[in-house]
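Sequential numbering of the sequence shown, starting at 1336, is according to the working numbering.
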Amino acid sequence: MSLYLYNTLTGCKEKFVPREPGRVSMYVCGPTTYNYIHLGNARPLVVFDTLRRYLEYKGYRVFYIQNFTDIDDKIIKRAQEEGSTPAQVAARYIEEYFKDADALNVRRADFYPRVTDHIGDIIKVVGDLLRLGYAYNVEGDIYFAVDKFPGYGKLSRRRPEEMLAGARVEVDARKKNPLDFALWKKSLPGEPAWESPWGPGRPGWHIECSTMALKYLGPNFDIHGGGADLIFPHHENEIAQAEAWTGQPLARFWLHNGFITVNREKMSKSRGNFFLVREILGRFSPQAVRLYLLSTHYRSPLDFADEYLEEAERSFERLDNARTLLSEALKRLEGEEKEAGKGYVPAREEKTSSIYLKAKVEELRGQFEKALDDDFNTAQGLAVLYELVREINSYLHKGEAGPGAQEALKSAAAALEELGEGVLGLFGPAKRAADTGLVDGLIELVVELRQEARRKKDWATADYLRERLNALGITLEDTPHGTRWKIRR
């Protein structure tokens, strides 16, 4: 099945066909670097990281760009409050951004352009827009004249009065139209500034993304993504600037994720109802947070509450436990193969249940792809993954053996890994900090010492070791196949 995506520009789902066969160009708006990212900022990071993963799963080569806004009014204000410089503020929060993004298993973009590295490019675009008659100069401030661009409003499909109501529109009585927006801002005393033909100043917010996207991807690139709050004015203004400058569409598909809400109000710093990612990661595993962010269709609102993250924690545990049980079962079957070389002969006939599991795995893989091909429905994709886990657990409960069992379990393990980690990113580098080889080895050593104490019927020592591990947050489970341990979250 072909991939269909909802295009905000056309208001409908369209078959995705890239500009170049086999290659996808994608630009996603990144953070303004004056604070730690909150959960609302994290949603587009996870959504578009997962879309990139799925496109690669389907065989595309993806060139993925995400920008950093490293000069802005908010950055300047934070620097003044801290007695530092805007460059220092931006550098610090870019570093902190990567810590949070890495924890959520967000793969690095191919390139992270920064505004301050592209001032010359921006000045050229602004100068061209002035020359072409799309912009005007007011005492060193350069504004884009929206009346000059006939397509203004086509992305948000709003009337002018709707655009002005509640939007982030700059108030300036000198503008010819209240909707006109700054391409270049004349610097104020004490602010960072760059020399330009119109005097010292710095770029407006919207011009940066248009300039950098066009520089690295060219016009009519495949996907431009971001949160729904960016549709107007940011992305609307990006389209106006870029298309006025090049005469070509900026992007072919415009994708926007829905808001995260708290009591049905959008999460945002301005409302004061935001929750920092690193604070949430102090209480919940990064895997559960990522799963929660993918548990609702990307275009739908996603309400925030602790109970939803607790539910995501339990859901991830189900997936992770199935992964662990699969690994253990495959190790046992490999042991049986080794025994076969010593005269042990396992059952050679492939059982009906093994044939069924292999067929079911392929059926569920197809259902997963069908869900994501239909406007990237990760919520339905997760439902398919849970069904795969139910099938795995049911099969393992029967304790099947033989060559058919090994092949069936390998196919199930491959599907769980490719879909759960390769596409959804749920198992990878976002493992808990304690999950290192050294700590694992030490825990295994204590478990072996306990097993030896039990073999010798030294119950006091065995119980003591179990209690000490439990006090450290490590749970032991004795099974017919040995002792399994798990670090409690």
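We put the beta carbon where it would ideally sit given N, CA and C, even for glycine.
Asked, Found
"Outcome for Trp-1794 when other beta-carbon atoms lying within 10 angstroms are tallied against a minimum of 16", "exposed"
"Between the CA atoms of Ala-1747 and Glu-1646 - distance to the nearest angstrom", "24 angstroms"
"Own chain, CB closer than 6 angstroms to Thr-1796, minus 5 neighbours either side, in chain order", "Ala-1788"
"Nearest-angstrom Cα separation, counted from Arg-1358 out to Leu-1380", "21 angstroms"
"Helix, strand or coil at Thr-1345 [DSSP, three-state]", "coil"
"6 angstroms Cβ shell around Leu-1338 - same chain, five flanking residues per side excluded", "Phe-1351, Asp-1708"
"CB-CB length for Tyr-1551 against Pro-1448, believed under 8 angstroms", "7 angstroms"
"Gly-1544 classed as buried or exposed, judged by whether at least 16 other C-beta atoms fall within 10 angstroms", "For the sequence presented, residue 1544 should be read as Cys rather than Gly. By the 10 Å Cβ count, Cys-1544 comes out buried."
"Where Asp-1770 falls, given that 16 or more other Cβ within 10 Å makes a residue buried", "Low local confidence applies: a pLDDT of 49 at Asp-1770 is under 50, so the model's placement there is unreliable, with the coordinate-based value given in what follows. Counting Cβ neighbours within 10 Å, Asp-1770 comes out exposed, since fewer than 16 surround it."
"Alpha-carbon spacing of Met-1602 relative to Gly-1375, whole angstroms", "6 angstroms"
"Sufficient close CB pairs (3 or more, under 8 angstroms) joining the segment 1530-1539 to the segment 1431-1444", "no"
"Buried versus exposed call for Gln-1583 [16 or more other C-beta atoms within 10 Å across all chains shown]", "exposed"
"Range of the contiguous alpha helix (DSSP H) that encloses Tyr-1399", "Per DSSP, Tyr-1399 belongs to no alpha helix (DSSP H); it is in the beta strand (DSSP E), 1396-1401."
"Reduced DSSP secondary structure (H/G/I, E/B, other) of Asp-1384", "helix"
"Trp-1533 - DSSP class collapsed to helix/strand/coil", "coil"
"The beta strand (DSSP E) enclosing Ser-1360, as first and last residue numbers", "1358-1363"
"Spatially closest choice to Lys-1521 from Gly-1365, Trp-1529, Leu-1804, by CA coordinates", "Trp-1529"
"Cβ contact check for the segment 1740-1756 and the segment 1658-1665: 3 or more pairs under 8 angstroms", "yes"
"Unbroken alpha helix (DSSP H) run spanning Lys-1521, endpoints", "Careful: Lys-1521 lies outside any alpha helix (DSSP H), inside the beta strand (DSSP E) at 1516-1521."
"Neighbourhood of Gly-1716 by C-beta, 6 angstroms cutoff - its chain only, sequence neighbours within 5 removed", "Phe-1703, Ala-1706, Leu-1707"
"Meets three-Cβ-pair contact criterion under 8 angstroms: the segment 1397-1409 and the segment 1571-1590", "no"
"Proximity of Ile-1778 and Ile-1727 at Cβ, strictly below 8 angstroms", "no"
"Beta-carbon contacts of Gly-1534 that lie in its chain and below 7 angstroms, excluding the five residues immediately before and after", "Gly-1475, Lys-1521"
"Alpha-carbon to alpha-carbon, Arg-1427 and Leu-1629", "28 angstroms"
"Residue of Gln-1786, Gly-1462, Tyr-1721, Ser-1729 minimising C-alpha distance to Leu-1761", "Tyr-1721"
"Reduced DSSP category for His-1373 - H, G, I as helix; E, B as strand; rest coil", "strand"
"Inter-residue Cα distance where the pair is Gly-1817 and Phe-1433", "40 angstroms"
"Close Cβ partners of Lys-1828 (< 8 angstroms) along its chain, the five nearest in sequence each way excluded", "The question about residue 1828 has no answer here: the residues shown for the chain are numbered 1336 through 1824."
"Chain D within 8 angstroms of Gln-1741, Cβ atoms only", "Here there is only one protein chain, and chain D is not present."
"Endpoints, the beta strand (DSSP E) within which Thr-1588 is located", "Before going on, a small fix: residue 1588 reads as Phe here, not Thr. Here the beta strand (DSSP E) through Phe-1588 covers 1586-1592."
"Cutoff 8 angstroms; reference Lys-1412; Cβ partners in own chain excluding five residues on either side", "Tyr-1369"
"Three-state secondary structure assigned by DSSP to Ala-1421", "A small fix is needed here, since residue 1421 is Pro in this sequence, not Ala. Residue state, collapsed to three classes: helix."
"Beta-carbon contacts of Tyr-1395 that lie in its chain and below 8 angstroms, excluding the five residues immediately before and after", "Pro-1353, Gly-1357, Arg-1358, Val-1359"
"Extent of the continuous beta strand (DSSP E) run through Leu-1811", "1809-1814"
"Whole runs of the alpha helix (DSSP H) within the segment 1602-1655, excluding any shorter than 4 residues", "1612-1616, 1621-1629"
"Span separating the alpha-carbon of Arg-1801 from that of Thr-1814", "15 angstroms"
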